[in-house]
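Residue numbers (our numbering): 1 to 272. What follows is a set of notes on a single structure, which appears directly below.
Encoded structure:
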C-alpha cells in the first residue's frame, strides 16, 4: 500500500488537493509524505524477510544472517539524518523486539552449529560480523562437543560408498565366468609378486572437524548438495551437517504441505 501511494503520489496529491472532490481531510502534508517514504523503506526489510522465510528452501543457517542484516538496517535508520523523531522511536521499539528474539538463539545450540557447518560461513562469518571471541569459541566448542559425542565414533558402512556393491558384483561375475575345463597354468613371471610387498603403515586418522575448519569458506549456494558430494571426504561430519542443515528455519513450508493434505484426502477420511 505504501509503495502504491508513493508510486502514484502526484495523482493522489492532485486528487486530495482538489476541493471539489471533498477529500481534503485525507490530504497529506509534505512532512507526512516524508514519513510515508521512511516507513516504506523500513517495512520493506520486514516484508522481504517474511517472504524469504516463507519459501521452501531457507533453513537454520539463514536465520542469524538475516537477523544481523535487519539489525544493521535498523541501526542505520536510527541516525537523525535518516529518519524523523517519530520513525526513530518506532524503529527503536522494533529493534528491541528483534534483539529479544535474537537472544533466544543463544538458548538453542542448533543455530550456531548449523552456521558453522555451512561451508559458506564456518567460523569466518562470526569473525566478519564482529562477534566477540568468547562467543566464537563457544560456537566452536558446541560443534566439537556434539561431533565428538554423537558422530566421531560412528561406524561408517562401506555400503554407503558403493564398494560392497562393486565387490559383490565382481564375485557374481567370477562365479559365472568359471571355466568348464582347466587350462594349463602359465609359468610364473618374476614380476608377478611386485605388488605383494609389505604395505606402508596406515594413514593416521584425520579429525574431520579440524580438517573442515582448516580450509577457507567457500561460495556455496546449496550446502546440503555440497556435503553430499563431500561425504567420502567427511564420512562422519557430513552426517552431522546433513542432520542440522536440513532443519527448516520456520514451520511455514511444513504447514503449507499439511494444509494441502485436504486435497487428496476425503472429508470422511480426514475425520478418522
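Cβ atoms here follow ideal geometry from the backbone N, Cα and C, with glycine treated the same way.
Bounding residues of the alpha helix (DSSP H) (the contiguous stretch that carries residue i)
i, result
"residue 1", "Note, residue 1: premise wrong, no alpha helix (DSSP H); not H, not E."
"residue 64", "63 to 77"
"residue 91", "85 to 104"
"residue 118", "It is not in any alpha helix (DSSP H) - residue 118 carries neither H nor E in the DSSP assignment."
"residue 241", "237 to 245"
"residue 131", "Taken as a continuous stretch (DSSP letters only), residue 131 belongs to no alpha helix (DSSP H), as it is neither H nor E."
"residue 52", "30 to 53"
"residue 107", "Looking at the DSSP string, residue 107 is not in any alpha helix (DSSP H), and its letter there is neither H nor E."
"residue 213", "208 to 214"
"residue 27", "That residue, residue 27, is in no alpha helix (DSSP H); it is neither H nor E in DSSP."
"residue 13", "9 to 17"
Three-state secondary structure (DSSP) of residue i
i, result
"residue 219", "coil"
"residue 59", "strand"
"residue 178", "Model confidence at residue 178 stands at a pLDDT of 48, short of 50, so the residue's coordinates are unreliable; what they give is reported in the following sentence. It is coil, neither helix nor strand."
"residue 162", "The predicted position of residue 162 is uncertain, since its pLDDT is 46 and thus under 50; a value taken from the coordinates is nonetheless stated next. Three-state DSSP puts residue 162 in coil, outside helix and strand."
"residue 169", "Note on residue 169: pLDDT 45, under 50, position unreliable in the model; the coordinate value appears next. In this structure, residue 169 counts as helix in the three-state DSSP scheme."
"residue 20", "helix"
"residue 202", "Because the pLDDT at residue 202 is just 49, under 50, the model does not fix this residue reliably, and the value given afterwards should be weighed accordingly. Coil."
Given residue i as reference, the closest of the options once Cα atoms are compared
i, options, result
"residue 102", "241, 50, 130, 70", "70"
"residue 217", "30, 135, 144, 125", "125"
"residue 135", "156, 106, 152", "106"
"residue 220", "18, 87, 120, 104", "120"
"residue 122", "38, 215, 156", "215"
"residue 224", "209, 245, 114", "245"
"residue 73", "54, 42, 51", "42"
"residue 60", "34, 133, 114", "114"
"residue 327", "95, 98, 37", "Since the displayed the chain opens at 1 and closes at 272, residue 327 lies outside it and no answer follows."
"residue 32", "1, 14, 86, 94", "86"
"residue 1", "47, 153, 24", "47"
Residue-level contact to chain C via CB, residue i, 7 Å cutoff
i, result
"residue 113", "The chain inventory of the structure shown lacks chain C, comprising one protein chain alone."
Beta carbon of residue i nearer than 7 Å to that of residue j
i, j, result
"residue 117", "residue 241", "yes"
"residue 110", "residue 249", "no"
"residue 45", "residue 66", "no"
"residue 77", "residue 83", "yes"
"residue 129", "residue 207", "no"
"residue 16", "residue 34", "no"
"residue 237", "residue 209", "yes"
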